[in-house]
Amino acid sequence: MSRIIKSSLVTEAIEENNKVQSNNIEDNYFEKQFLQKKTEILNEANNRKEDIIKKANIEAQKIIDQANESAERVLQDTYDKSAQIIDEFREKGYEEGYQGGYNDGKNKSELLINEAIEIKEDVIKSRKQMLETLEEDIIEVVIKSCSKVINRLYDEDKEIILSIIQKGLDNLNNPSKICIKTSKEDYDFLEMYKNKINAMANSVEKIEIVIDKHIHKGGIIIETPEGSVDVGIDTQINELEKILKELLNSE
Numbered sequence: 003m004s005r006i007i008k009s010s011l012v013t014e015a016i017e018e019n020n021k022v023q024s025n026n027i028e029d030n031y032f033e034k035q036f037l038q039k040k041t042e043i044l045n046e047a048n049n050r051k052e053d054i055i056k057k058a059n060i061e062a063q064k065i066i067d068q069a070n071e072s073a074e075r076v077l078q079d080t081y082d083k084s085a086q087i088i089d090e091f092r093e094k095g096y097e098e099g100y101q102g103g104y105n106d107g108k109n110k111s112e113l114l115i116n117e118a119i120e121i122k123e124d125v126i127k128s129r130k131q132m133l134e135t136l137e138e139d140i141i142e143v144v145i146k147s148c149s150k151v152i153n154r155l156y157d158e159d160k161e162i163i164l165s166i167i168q169k170g171l172d173n174l175n176n177p178s179k180i181c182i183k184t185s186k187e188d189y190d191f192l193e194m195y196k197n198k199i200n201a202m203a204n205s206v207e208k209i210e211i212v213i214d215k216h217i218h219k220g221g222i223i224i225e226t227p228e229g230s231v232d233v234g235i236d237t238q239i240n241e242l243e244k245i246l247k248e249l250l251n252s253e
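Residues in the sequence shown are numbered consecutively from 3, following the numbering used here.
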């Protein structure tokens, strides 16, 4: 009888071990899938960024060239007018006193030159502002594209959210209990997979899943007695945005 009981316990232990291994394999699969998709999105975003920057630079260069031509034309016209004024006042100076007429002409020409310089400085300032605006537009376009891709991926395979939770659990220091705050759209799904989440969090004795009305679809906040971590879809997109800004600023 004792052997039968022991045999039964061994069988249960083996089955439980196999179950844990199976869960680990699935967790690794979803985590790898999520990381792979994230890498693909980053690569796609980077390629798109390069293309957008190239096109933006071409358009910007056209505007800059036109602005420079306009500024140079203004300067040239100003210098021509200045020379003409000086000549006129020089001739007038011979009649009314050379120095006085020459100084009047010089003062007028300097005013025109200063005006032309101000115009050119305005052109340079406008060019700088235009390039800064282009950079902001590039980031906005890429982030919108990434957001669409990530949300589409999430809608097609909601189990991706389990990998996100796993990532959050990996950043926690073995808490005894956790509270997973989620949206009403994701609550039923997480409740259905509560046992799987429990298996992912080995040291956790108690897991609670609650709806937070302030959290949108795809949002996940894991709370522990020591603190909380936000691992939601929007947070992932914000991380991508930071990476893209760093990429853009490194150009």
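Note that the Cβ used here is the ideal one computed from N, Cα and C, for glycine as well. These figures come from a predicted structure and were not determined experimentally.
- For residue 170, the enclosing alpha helix (DSSP H) starts and ends at 162-172.
- Within the region 161-239, complete alpha helix (DSSP H) segments of at least 4 residues are found at 162-172, 186-194, 196-202, given in chain order.
- Taking 8 Å as the upper bound for CB-CB distance, residue 192 and residue 182 are in contact here, some 6 Å apart.
- As the crow flies, the alpha-carbon of residue 190 is around 17 Å from that of residue 158.
- Burial is judged here by how many other beta carbons sit within 10 angstroms of a residue's own beta carbon; residue 165 has at least 16 and is buried.
- Shortest Cα-Cα distance from residue 210 to any of 219, 199, 220 involves 199.
- Relative to residue 172, the option among 146, 185, 205 whose CA is nearest is 205.
- Rounded to whole angstroms, the Cβ separation of residue 224 and residue 230 is 6 Å, and the two are in contact under 8 Å.
- Considering only 180, 162, 187, 169, the residue with the shortest C-alpha distance to residue 208 is 180.
- Only buried fits residue 233, as 16 or more other CB atoms lie within 10 angstroms of its CB.
- The alpha-carbon separation between residue 197 and residue 212 amounts to approximately 15 Å.
- DSSP, reduced to helix, strand and coil, places residue 157 within a helical segment of the structure shown.
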